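Residue numbers (the working numbering): 216 to 425. Everything on this sheet refers to the single structure shown next.
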Amino acid sequence: MRGGDPPAPRRAPRCAAGVRRRYVDRAVAQACRKSSPLAPITYVGGWGTLDPWTAAETALRVTDQATAIEAHGHLAALLHVPNGSPLTEYLSVSYEGDSPHSLARIYVPNGPEPTEALGNGPSYIRAEASFAVLSALSAEVRETTSARLPTPDEASTLRINPGLAVLAITRIAADTAGHVLEAALLVFPGDRVEAIFTTHHVLNERLTHG
Numbered sequence: 216m217r218g219g220d221p222p223a224p225r226r227a228p229r230c231a232a233g234v235r236r237r238y239v240d241r242a243v244a245q246a247c248r249k250s251s252p253l254a255p256i257t258y259v260g261g262w263g264t265l266d267p268w269t270a271a272e273t274a275l276r277v278t279d280q281a282t283a284i285e286a287h288g289h290l291a292a293l294l295h296v297p298n299g300s301p302l303t304e305y306l307s308v309s310y311e312g313d314s315p316h317s318l319a320r321i322y323v324p325n326g327p328e329p330t331e332a333l334g335n336g337p338s339y340i341r342a343e344a345s346f347a348v349l350s351a352l353s354a355e356v357r358e359t360t361s362a363r364l365p366t367p368d369e370a371s372t373l374r375i376n377p378g379l380a381v382l383a384i385t386r387i388a389a390d391t392a393g394h395v396l397e398a399a400l401l402v403f404p405g406d407r408v409e410a411i412f413t414t415h416h417v418l419n420e421r422l423t424h425g
């Protein structure tokens with residue numbers, strides 16, 4: 216280098232450039248996976264099943280967990296039981312691949328054995344049944360739906376942005392005498408679910424006396 220000449224620019228080693236490129240490619244691939252939308256499913260109101268066609272097409276799998284807890288506050292009010300009453304909580308989370316898709320918490324006073332309630336079978340049938348009403352004695356099902364932001368626990372479980380709206384369904388099942396048999400709290404991210412509710416009209420016939 217002659218006096219007064221600018222220094223030659225340094226070249227980054229090939230290995231360093233290759234390493235940086237791999238990190239960039241990996242980051243882009245992860246971002247693409249995170250941004251890929253999950254397939255939508257259909258919730259069928261009334262008995263609370265997932266539509267078997269969309270559950271099968273989405274290839275859902277479900278994890279289930281049963282826990283003995285006590286009823287307090289809002290949960291005790293939903294079930295019409297005193298605070299401190301024993302319950303069984305059935306927590307079901309559906310997955311598409313490794314991504315959580317939706318979750319259900321079903322609460323049953325003095326519930327059946329977990330294996331009896333949750334059953335076994337193909338993954339899409341399990342996904343359909345895990346969100347359904349558990350009690351065979353249910354004569355009335357009342358569902359309340361709302362669109363809201365997820366709780367911190369829901370956002371963490373479903374791995375969604377806390378600013379993404381969810382479809383929340385509170386479902387109460389009762390017997391012919393009006394006794395509450397179970398309460399379910401269902402949560403679906405708003406960008407991957409639709410709900411269908413069908414009304415059946417019953418025509419009352421008047422008896423005429425001659």
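Glycine is no exception: its CB is placed at the ideal position from the N, C-alpha and C atoms. A quick note: this is a predicted structure, and the numbers were derived from the prediction, not measured.
Practice task
Work out the CA separation of I411 and Y258 for me, nearest whole Å.
Solution key: 6 Å
Exercise for the section: Following the continuous alpha helix (DSSP H) through A291, name the residue where it begins and the one where it ends. Expected result: 288-294
Practice task
Pair every Cβ in the stretch 304-311 with every Cβ in the stretch 353-362, then say whether three or more of these pairs are closer than 8 Å.
Solution key: no
Handout entry: Span separating the alpha-carbon of D390 from that of T414
Key = 19 Å
Practice task
For N325, collect the residues of the same chain with a Cβ closer than 7 Å to its Cβ; drop the 5 residues on either side in sequence, then sort them by chain order.
Solution key: P301
Practice task
Check whether the Cβ atoms of P297 and R407 sit closer than 8 Å, and answer yes or no.
Solution key: no
Practice task
Name the residue from L364, I284, D313, A347 whose alpha carbon lies nearest to the alpha carbon of G299.
Solution key: I284
Problem - Per-residue DSSP class, three states only, for T413 - result: coil
Handout entry: I321 to G378 span [Cα, whole Å]
Key = 25 Å
Practice task
Out of L294, H289, P404, point me to the one whose CA is closest to R363's CA.
Solution key: P404
Exercise for the section: Report yes if the CB atom of H295 is closer than 8 Å to the CB atom of V395, and no otherwise. Expected result: yes
Problem - Beta-bridge partners of V308, as assigned by DSSP - result: T278, L318
Exercise for the section: Using three-state DSSP, classify L426 as helix, strand or coil. Expected result: No answer is possible for residue 426: the residues shown for the chain start at 216 and end at 425.
Handout entry: Beta-carbon spacing of A388, S350 below 8 Å
Key = yes
Exercise for the section: Decide if S371 is buried, meaning its Cβ has at least 16 other Cβ atoms within 10 Å, or exposed. Expected result: exposed
Exercise for the section: Return yes when the Cβ of L265 is within less than 8 Å of the Cβ of Y310, no when it is not. Expected result: no
Exercise for the section: Run the CB neighbour count on A383, radius 10 Å, all protein chains shown included, and call it buried at 16 or more, exposed below. Expected result: buried
Problem - Whole-angstrom distance between E355 and R386, CA atom to CA atom - result: 10 Å
Practice task
Examine the ligand GDP and report whether any of its heavy atoms sits within less than 7 Å of the Cβ of I384.
Solution key: This structure lacks the ligand GDP; in fact it carries no ligand of any kind.
Handout entry: Spatially closest choice to A398 from T278, V277, A281, A319, by CA coordinates
Key = A319
Problem - DSSP-derived helix/strand/coil call for S300 - result: coil
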